[in-house]
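Note that our numbering has the first sequence beginning at 4, numbered continuously upward.
Reviewing the structure listed below.
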Amino acid sequence: MDFNEIDESAIFKNKSVLSPHYVPQELLYREEELKKMMVGVAPVFKGFKPKNILIYGKTGTGKSITSKKLLEKMNDMKDARVKGIYLNCRVYDTRYKVFQKLVSELKNEFSKTGYSFALLYETVLDWIEEKERFIIIILDEIDFVKDIDALVYSLTRANDDIQKGGLSMIGISNKIQFKQKLGERSKSSICEEEIVFQTYNSSQLQGILNQRISLSFKEGVITPGAVNLASAIAARENGDARYALNLLLRSGELAERKKTGKVTDKEVEEARKMAEEDKASELISSLPAHQQLVLYALALTSADVSYKKLVEDGGEKYYFSGEVYDHYTKISKKFGFEPISARWYREYIHELEEMGLISSIHSGSGVRGQTTLLRLALENSKVKKIIEKTLMK
DNA sequence: AATCCACAGGAAGTGCTGGGCG
DNA sequence: CGCCCAGCACTTCCTGTGGATT
């Protein structure tokens, strides 16, 4: 027995191909965007300062992958004077951290904290001027940078401070509002060139999935129906390729556990449900305590037969808003919370409905007066479990 | 018809927080 | 550094609505 036998899988050849960080050899459906970026960057290889670029696009539209591809292409030029650096601003979220990372990349040494910002700045400038070099810095998820104006200012000022060589940036953001947050000066300097990444449509997603399937799954494991369904679902959900790949990964894992050796649309459908539940669970556990208690009250009300006031509408059971509020106040007190006022409870109900966690209907006729009837959008036992896990620790 | 009930949702007020400014 | 003010989360109070009750 050797190590190769240990992770012998009936389904997967190489799971990591399905990871969002994987960069395929051939980039699909993004030739235009890549070309635009290359055109923007191209001047460096002639010794001129390239343009700053800002890239927009929703999640899973290939922004990161395309910019990583750009770095690959730049490396192919084997020009020692040009250095491309990719960094994710979730990690490097301040001006200081970005420059610290720059220095450690340029000098190839472990960088400690404690240096002054001015020193880091000088180090970067020296490195550029020493041999008239160029730095292209790719700032992924740039909206996470806390002192963005300071960062952009320092980066552009660096350009003014040096005679030869240059420093330019490519910012990536998935929030359109990002530009509004910028000050006038940084806005004009970072938006010299803008590229928008459109979402993928269903057939493009299919192409992307097929490209990765041949590398990640064993031969004939995935049925065509599974691919169709996964790309159709992802196309509906904002054309997010990351989501589509995640669906495939999950359904592969499901098939592995079932030992059927095949991934069909059944597994994909199951994977979609799981993904949805994960999303809901994440959403619920990030809610304020009282909103969770409201949900919990509704879940318990649904489980409790003694709350007899229920109405059926198309097979779905709805509960009276007032009943649920009463129940909520009891539960709150039991857990040592001061219950929230009925007025604010109504606002919570609206918010929860907007988030798609509950659904409500108006009682036109039926019992006295007007009331809102409520029910959970998810299975109440699951909601109960989630809240018990997060709230009761 | 008048009154009540059970709720919806607007207005104004309160206590706290964090950010900008002199 | 303190000060002030805006904004938020929430309460209290109030008016409206429409079927139910008397």
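By construction, the Cβ of each residue, glycine as well, lies at the ideal position given by its N, Cα and C atoms.
Here the structure is a predicted model, which is why all the values come from computation and not from measurement.
- prompt: Excluding the five sequence neighbours on either side, which residues of its own chain have a C-beta within less than 6 Å of the C-beta of S254, listed in chain order?
  reply: These residues qualify, in order along the chain: V266, E270, V271 and A274.
N- and C-terminal bounds of the beta strand (DSSP E) containing Y59: Its beta strand (DSSP E) spans residues I56 to G60.
message: Given this structure, state the Cα-to-Cα distance separating A278 from Y118, to the nearest angstrom.
response: Their Cα atoms are separated by approximately 44 Å.
message: Considering Cα atoms alone, identify which of R349, D281 and K134 is closest to V297.
response: Just measuring C-alpha positions, the residue of R349, D281 and K134 sitting nearest V297 is R349.
query: For the stretch 172-184 against the stretch 121-141, are there 3 or more C-beta pairs whose distance is under 8 Å?
result: Judged by Cβ distances under 8 Å, the stretch 172-184 makes contact with the stretch 121-141, as three or more pairs qualify.
field: Through-space distance from E36 to E29, alpha-carbon basis
entry: The alpha-carbon atoms of E29 and E36 are separated by roughly 14 Å.
message: Between K385, P46, Q214 and K261, which has its C-alpha nearest L31's C-alpha?
response: Checking every option, the nearest Cα to that of L31 belongs to Q214.
message: Looking only at its chain, what residues have a beta carbon closer than 6 Å to the beta carbon of I211, apart from the 5 residues adjacent to it on each side?
response: L31 and A244.
message: With distance defined between alpha-carbon atoms, name the residue in S107, R346 and K86 nearest to Y95.
response: Closest by alpha carbon: S107.
- request: Output the boundary residues of the alpha helix (DSSP H) element that contains V101.
  value: Residue range R98 to K110 is occupied by the alpha helix (DSSP H) that includes V101.
message: Which same chain residues end up closer than 6 Å to Q166 when comparing Cβ atoms and leaving out the 5 residues on each side of it in sequence?
response: Correct list: empty, nothing qualifies.
field: Coil, strand or helix - L296 by DSSP
entry: In the structure shown, L296 sits in a helix (DSSP, three-state: H, G or I).
field: Where T375 sits in the DSSP three-state scheme
entry: Three-state result, T375: strand.
query: Within 10 angstroms of its Cβ, does S217 collect 16 or more other Cβ (buried), or is it exposed?
result: Classification for S217: exposed.
query: In three-state DSSP terms, what is H365?
result: Strand at H365.
query: Pick from A345, E187, Y321 and G242: whose alpha carbon is nearest that of R378?
result: Ranking A345, E187, Y321 and G242 by Cα distance to R378 puts Y321 first.
query: Quick one: what's got a C-beta closer than 6 Å to Q207's C-beta in the same chain, skipping five residues either side?
result: For Q207, where only same-chain residues beyond five positions count, the Cβ hits under 6 Å are Y32.
query: In this structure, what does DSSP give as the bridge partners for M172?
result: Looking at the DSSP assignment, M172 forms a beta bridge with I140.
field: Nearest-angstrom Cα separation, counted from L355 out to S363
entry: Going by the C-alpha atoms only, they are around 10 Å apart.
message: Please list the terminal residues of the continuous beta strand (DSSP E) segment that includes K320.
response: E319 to F323 is the extent of the beta strand (DSSP E) around K320.
field: Exposed unless 16 or more other CB atoms sit within 10 angstroms - verdict on K110
entry: Looking at its Cβ environment, which holds fewer than 16 other Cβ atoms inside 10 Å, K110 is exposed.
- request: Give the straight-line distance between the Cα atoms of L128 and A153, rounded to the nearest whole angstrom.
  value: Per the coordinates, the alpha-carbon of L128 lies some 17 Å from the alpha-carbon of A153.
query: Which two residues bound the contiguous beta strand (DSSP E) that contains I198?
result: Its beta strand (DSSP E) spans residues E196 to F200.
message: One question on the structure: do D150 and R188 come within less than 8 Å of each other, judged by their Cβ atoms?
response: Cβ distance not < 8 Å, so D150 and R188 don't count as in contact.
- prompt: Residues in its own chain within less than 6 Å of L335 by CB, not counting five upstream and five downstream?
  reply: One point to set straight first is that residue 335 is Ser, not Leu, in the sequence displayed. Setting aside the 5 residues that flank it on each side, S335 is surrounded in the same chain by L296 and P342, each with a C-beta closer than 6 Å to its C-beta; the list follows chain order.
message: I'd like to know if the stretch 189-199 and the stretch 218-233 are in contact, where contact means that at least 3 CB-CB pairs between them fall below 8 Å.
response: With the cut-off at 8 Å, the stretch 189-199 and the stretch 218-233 do not touch.
query: Ordered along the chain, which non-local residues of its own chain (more than five positions away) have a Cβ less than 6 Å from that of K399?
result: With the chain represented from 4 up to 396, any question about residue 399 goes unanswered, as that position is not in the structure.
field: Nearest-angstrom Cβ-Cβ length linking L196 and G65, presumed shorter than 8 Å
entry: Note on residue identity: the sequence assigns Glu, not Leu, to residue 196. 18 Å between Cβ atoms; not a contact.
field: Inter-residue spacing [alpha-carbon to alpha-carbon] between P46 and S67
entry: Between P46 and S67, the alpha-carbon positions lie close to 22 Å from each other.
- prompt: Does DSSP put I343 in a helix, a strand or coil?
  reply: Residue state, collapsed to three classes: coil.
message: In this structure, how does DSSP classify I131 when only helix, strand and coil are distinguished?
response: I131 carries a helical assignment under DSSP once its states are collapsed to helix, strand and coil.
message: Just to check my reading of the structure: I236 and L250 have Cβ atoms closer than 8 Å, yes? What is that Cβ distance to the nearest angstrom?
response: Between L250 and I236 the Cβ distance is about 7 Å, and since that is below 8 Å, they are a contact.
message: Taking the beta carbon of A380 as the centre, do at least 16 other beta carbons fall within 10 Å, making it buried, or is it exposed?
response: The residue in question, A380, is exposed, as its Cβ has fewer than 16 Cβ neighbours within 10 Å.
query: With C-beta atoms as the reference, is S219 less than 8 Å away from F15?
result: Contact check for S219 against F15 passes: the beta carbons are separated by less than 8 Å.
query: Does the distance from the CB of G186 to the CB of I131 come in under 8 Å?
result: Contact annotation: G186 and I131 have beta-carbon atoms that are not nearer than 8 Å.
- request: Go through its chain and collect everything with a Cβ distance to P23's Cβ below 6 Å, but skip five positions before and after it.
  value: Taking P23 as the centre and dropping the five residues before and after it, the same chain places the C-beta of R245 closer than 6 Å to its C-beta, in chain order.
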